[in-house]
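Here's the structure, in structure tokens; my notes come after.
Residue numbers (the working numbering), protein chains in the order written: chain A, 1 to 115; chain B, 116 to 227.
In structure tokens, the structure reads:
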């Protein structure tokens, strides 16, 4: 089945640093979604991307839909302690039928921010 | 309150017992999902539902049962709990996957 590969698996950074992470797929996606999961909570949608080359920002977060449609990138500028959590990328499953509503998730990038 | 709610938030049960995790959403979303999250495995899909009375297996369905008699509810039952089912369970709902899922806050289940 489809797989999304996220990298890096984990990051340890100092407060104030910028962060970059990416997600790659073996197949083309028409939508890319980025989620953040705070410790002890469910994932929350941060940014949705719908067009190849699209660059979308949400505060200090910027995400890009790769030109090849097989990758996406998430950048966080000037990190703060509350950026700590797990970041997931996701895209629509290519299965049909009742599977049409499914998303495929990456394995997540664990971000730790040291004050 | 509008949203998606999971109950209980925490549960400890004994091996061999049946336990049901509840999920309720107020938006009448067609799609609902159950995931488990374990260290090193990310989110793994257990079961999903495209509508009331339509359910299908995900990646790790063994040992779990679901039902969806009403659009708003999607309970997950562990028929005979095992220690390997100790995990954090998330329910999610969606009307359009391109808009993403909305996740509940999770149920932390410990099987002793």
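Just so it is clear, CB atoms sit at the ideal spot from N, CA and C, and this is done for glycine as well.
Every value quoted in this text rests on a predicted model; they were computed, and no experiment measured them.
Any C-beta of chain A under 8 Å from that of residue i
i                      : result
residue 246 of chain B : This structure cannot speak to residue 246 of chain B, because chain B is shown only from 116 to 227.
residue 204 of chain B : no
residue 131 of chain B : no
residue 146 of chain B : yes
residue 220 of chain B : yes
Which of helix, strand or coil DSSP assigns to residue i
i                      : result
residue 163 of chain B : strand
residue 71 of chain A  : strand
residue 191 of chain B : strand
residue 43 of chain A  : coil
residue 151 of chain B : strand
residue 208 of chain B : strand
residue 171 of chain B : strand
residue 125 of chain B : strand
Residue i at chain B interface by Cβ criterion, 8 Å
i                      : result
residue 117 of chain A : This structure leaves residue 117 of chain A out entirely; chain A is present only between 1 and 115.
residue 101 of chain A : yes
residue 92 of chain A  : yes
residue 108 of chain A : yes
Relative to chain B, which residues along the region 10–43 of chain A have a C-beta separation below 7 Å, given in chain order?
31, 33, 41, 42 and 43
Does the region 182–193 of chain B touch the region 17–29 of chain A, meaning 3 or more C-beta pairs lie closer than 8 Å?
no
For the region 43–70 of chain A, which residues have a CB atom closer than 9 Å to at least one CB atom of chain B, in sequence order?
43, 44, 45, 48 and 50
Give the residues from the region 153–165 of chain B that approach chain A closer than 7 Å (Cβ to any Cβ), ordered along the chain.
157, 158, 163 and 165
Taking any Cβ of chain A, which residues in the region 205–217 of chain B have a Cβ under 9 Å from it, in chain order?
205, 206, 207, 209, 210, 211, 212, 213, 214, 215, 216 and 217
Say whether the region 70–84 of chain A touches the region 141–160 of chain B, bearing in mind that this needs 3 or more beta-carbon pairs closer than 8 Å, one atom from each stretch.
no
Answer yes if the region 129–137 of chain B comes into contact with the region 31–49 of chain A, meaning at least three C-beta pairs across the two stretches below 8 Å, and no otherwise.
no
Meets three-Cβ-pair contact criterion under 8 Å: the region 141–149 of chain B and the region 45–65 of chain A:
no
Examine the Cβ distances between the region 39–50 of chain A and the region 8–27 of chain A and report whether three or more of them are shorter than 8 Å.
no
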